[in-house]
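Here's the structure, in structure tokens; my notes come after.
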Amino acid sequence: MKKDKKYKVLLCSSMGHKVVGGITRWTGNVMSHYNTNVSESVELHLFSTETGNTAGMTNLKRWSNGLVKYIGMLRALRHSIAKNEINLVHVVSSGSFSLLKDLAFISVAGRKKVKTVVHFHFGRIPEIFETKHWEYKLLHRIIGKADTAIVIDKKSYDTLMHAGYKNIRLLPNPLTPTVTGLIEKNKHILRKERTLLFAGQTIVTKGVYELINACKTIPDIHLKMIGHVFEEMKTNLLAQAGEGHERWLSIAGEQDFETTIKEMLSCGVFVLPTYTEGFPNVIIESMACGCPIVTTNVGAIPEMLDIDNGDNYGLWVEPKNAEKLRGAILRMLNDKDFAARCGANAQNRVNEKYGMPKILQQIEEIWLNS
Numbered sequence: 340m341k342k343d344k345k346y347k348v349l350l351c352s353s354m355g356h357k358v359v360g361g362i363t364r365w366t367g368n369v370m371s372h373y374n375t376n377v378s379e380s381v382e383l384h385l386f387s388t389e390t391g392n393t394a395g396m397t398n399l400k401r402w403s404n405g406l407v408k409y410i411g412m413l414r415a416l417r418h419s420i421a422k423n424e425i426n427l428v429h430v431v432s433s434g435s436f437s438l439l440k441d442l443a444f445i446s447v448a449g450r451k452k453v454k455t456v457v458h459f460h461f462g463r464i465p466e467i468f469e470t471k472h473w474e475y476k477l478l479h480r481i482i483g484k485a486d487t488a489i490v491i492d493k494k495s496y497d498t499l500m501h502a503g504y505k506n507i508r509l510l511p512n513p514l515t516p517t518v519t520g521l522i523e524k525n526k527h528i529l530r531k532e533r534t535l536l537f538a539g540q541t542i543v544t545k546g547v548y549e550l551i552n553a554c555k556t557i558p559d560i561h562l563k564m565i566g567h568v569f570e571e572m573k574t575n576l577l578a579q580a581g582e583g584h585e586r587w588l589s590i591a592g593e594q595d596f597e598t599t600i601k602e603m604l605s606c607g608v609f610v611l612p613t614y615t616e617g618f619p620n621v622i623i624e625s626m627a628c629g630c631p632i633v634t635t636n637v638g639a640i641p642e643m644l645d646i647d648n649g650d651n652y653g654l655w656v657e658p659k660n661a662e663k664l665r666g667a668i669l670r671m672l673n674d675k676d677f678a679a680r681c682g683a684n685a686q687n688r689v690n691e692k693y694g695m696p697k698i699l700q701q702i703e704e705i706w707l708n709s
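Structure (structure tokens):
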């Protein structure tokens, strides 16, 4: 690469639908940074792989919906690579059926003699390598074709390195300046005792039923759930909560980002009893807000909260265990000094380890050295 010419990267990722998931938010954060901070080395272009919200769809419906749109995407991808004189294609992957799209994108870039990075934004790789079903076969082909494969949690990194792959890099998600700016703007907000907050898509795999079951027998609390929710799910959760739920439960639906940060700043405990994750942005954000956190030990969460070292950054339980979840919530509610210490420790940790400039410096190094 000539010194006077920037390295052109095409970021192929989801960005733009109404229901904002982790990948969409990550993409927006990265693009916002590059749009406001000129890089000396890299010129970043976005190729949106958005196909609309598929939550609640059957696998067959997701397959047929994606296939039609991906055929058109491949033609557009070839055009974008040629038009923008792209040096490297960075494919962001959510796993499952989208692995077929990822493989096709990497194959197209390879035929164009363009370098490729695949970025796995999910934490199920160890489980996939145990089962060795169709996802395993696709992962193997994708990693073999890509110049570099990025994972966002250590368990996935260790699994792939143990399997003999040599092109694996570990890269966490960043804490964005937008979050720190909103925290500073709303620093006057005080925590409300015995209030609980859940933020995320209100779906089964986020542990929402376990959360309701854990909380409905805890006295004098208020649980607020924010994030996209289908009406059927909301009806089912209210039924699960039982008679009198209006006294302690609010299912508020999707909120704007600043409102979400305000809710994190004011809650007594942030709870995410999820079954599976990659590197969840809501944990990064709740850490930055100084929340006492109760969550599960999945994906990158053990590294984020330094679970293995036993330091007080938050509490975790195994997924799908409402009783242990209830016990962890009660400890945070009843031991105020411990909860405050966890929140302060988590806030310090996220600012030290996951700042945007530090993470994007690492990603540029990956791009330039792939």
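Residue numbers (our numbering): 340 to 709.
Each residue gets a CB set at the ideal place from its N, CA and C atoms; glycine is no exception.
Buried or exposed (CB count within 10 angstroms, at least 16 for buried), residue i
i: LYS454; result: buried
i: GLN540; result: buried
i: ASN620; result: buried
i: ILE623; result: buried
i: GLU602; result: buried
Per DSSP, cross-strand counterpart(s) of residue i
i: ALA661; result: Partner(s): none; ALA661 has no beta bridge.
i: ARG508; result: ILE489
i: LYS563; result: LEU536 and SER589
Reduced DSSP secondary structure (H/G/I, E/B, other) of residue i
i: TRP655; result: strand
i: GLY592; result: strand
i: GLU389; result: coil
i: SER432; result: strand
i: TYR346; result: strand
i: SER352; result: strand
i: VAL518; result: helix
i: MET340; result: Because MET340 carries a pLDDT of 45, less than 50, the predicted location of this residue cannot be relied on, and no value is offered for it.
i: GLU424; result: coil
i: VAL358; result: Here VAL358 scores only 44 on pLDDT, less than 50, and its place in the model is too uncertain to base an answer on.
i: LYS471; result: coil
i: LEU710; result: With the chain represented from 340 up to 709, any question about residue 710 goes unanswered, as that position is not in the structure.
i: GLY367; result: helix
i: VAL610; result: strand
i: THR634; result: strand
i: GLY483; result: helix
i: LEU577; result: helix
Beta-carbon proximity of residue i to residue j, cut-off 7 Å
i: ALA578; j: ARG665; result: no
i: HIS384; j: LEU349; result: yes
i: LYS347; j: ILE425; result: yes
i: ASN512; j: TRP365; result: yes
i: GLU571; j: ALA661; result: no
i: LEU442; j: ARG480; result: yes
i: LYS555; j: ALA580; result: yes
i: LEU438; j: LEU477; result: yes
i: VAL608; j: VAL633; result: yes
Cutoff 6 Å; reference residue i; Cβ partners in own chain excluding five residues on either side
i: GLY434; result: PHE461
i: LYS794; result: No answer is possible for residue 794: the residues shown for the chain start at 340 and end at 709.
Same chain only: Cβ atoms within 8 Å of residue i, ignoring 5 sequence neighbours per side
i: ILE705; result: VAL456, THR487, ILE489, ARG508 and LEU510
i: LYS342; result: Legend: pLDDT at LYS342 = 49, less than 50; position of this residue unreliable, no value from coordinates given.
Own chain partners of residue i with C-beta closer than 7 Å, once the 5 adjacent residues on each side are dropped
i: MET340; result: With a pLDDT of only 45 at MET340, under the threshold of 50, the placement of this residue in the model should not be trusted; the figure read from the coordinates follows. Correct list, in chain order: TYR346.
i: VAL543; result: none
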